[in-house]
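Numbering (my numbering), first residue to last: 49 to 179.
In what follows, a single structure is set out as structure tokens and then discussed.
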Amino acid sequence: MENEFLKGRKILVVEDDLSSRLYLNKILEKTGAVLLNASDGKEAVETVSSDPEIDIILMDIQLPVIDGYQSAALIRKIRKNMIIVAQTAYSLMGDREKILASGFDDYIVKPIFPNQLVEKLVNILINNKQH
Ligand SMILES: [Mg+2]
Numbered sequence: 049m050e051n052e053f054l055k056g057r058k059i060l061v062v063e064d065d066l067s068s069r070l071y072l073n074k075i076l077e078k079t080g081a082v083l084l085n086a087s088d089g090k091e092a093v094e095t096v097s098s099d100p101e102i103d104i105i106l107m108d109i110q111l112p113v114i115d116g117y118q119s120a121a122l123i124r125k126i127r128k129n130m131i132i133v134a135q136t137a138y139s140l141m142g143d144r145e146k147i148l149a150s151g152f153d154d155y156i157v158k159p160i161f162p163n164q165l166v167e168k169l170v171n172i173l174i175n176n177k178q179h
């Protein structure tokens, strides 16, 4: 369903697993968001470097080439105020502190449910006065 907060927002989905990536795209495109994709951390950093219009990044933690933690840190150097949300496997729940200490604005635990994802992104946008 189209969403007034997400419509027209540019969201970068960073996920190495193809079916997960397609799933996230399917959820988010219904909101009216504009979607970009990267399948590893290096590609994510390069995409942010070349596109100043990205509003939100949904970042997998376990990624090839550069992992999610390092990617978030590199992206922060390029775009200080970027909204970066980690997506993490349930088994990594103990990494909550590490995720929040690593510069992510928030995180979402897999499996990701459509309403939960949309709600989380909307809440972050509402609470983030710079956006
Ligand atoms: Mg992964």
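Every residue, glycine too, gets a C-beta built ideally from N, C-alpha and C.
Where the alpha helix (DSSP H) containing residue i begins and where it ends
i, result
"Ala121", "116 to 126"
"Leu111", "Per DSSP, Leu111 belongs to no alpha helix (DSSP H) and is neither H nor E."
"Ile20", "Lying outside 49 to 179, the shown extent of the chain, residue 20 is not represented and no answer is given."
Nearest residue (CA-CA) to residue i, options the options
i, options, result
"Leu111", "Ile123, Asp88, Ser98", "Asp88"
"Tyr71", "Asp103, Lys158, Arg57", "Lys158"
"Glu101", "Gln118, Ile126, Ala121", "Ile126"
"Ser98", "Leu106, Val113, Ile123", "Ile123"
"Arg69", "Glu94, Lys58, Asp108, Asn51", "Asp108"
"Lys128", "Asp153, Ala137, Arg144", "Asp153"
Local Cβ density within 10 Å of residue i, reported as buried at 16 or more and exposed below that
i, result
"Glu63", "buried"
"Gly116", "buried"
"Ser67", "exposed"
Neighbourhood of residue i by C-beta, 6 Å cutoff - its chain only, sequence neighbours within 5 removed
i, result
"His179", "Its pLDDT being 49, under 50, His179 is placed unreliably in this model, and the coordinates cannot settle the point."
Run of the beta strand (DSSP E) containing residue i, from where it starts to where it stops
i, result
"Leu54", "Run containing Leu54: none; DSSP gives neither H nor E here."
"Ile208", "Beyond the ends of the chain as shown, which are 49 and 179, falls residue 208; an answer cannot be given."
Residues near residue i by beta carbon distance below 8 Å, same chain, minus five either side
i, result
"Leu54", "Leu76, Thr79, Gly80, Ala81, Val166, Leu169, Val170, Leu173"
- Quick one: residues with CB closer than 5 Å to any heavy atom of ligand 2, in chain order, please. Inclusion of ligand 2 in the displayed structure is not the case, the ligand content consisting of ligand 1 alone.
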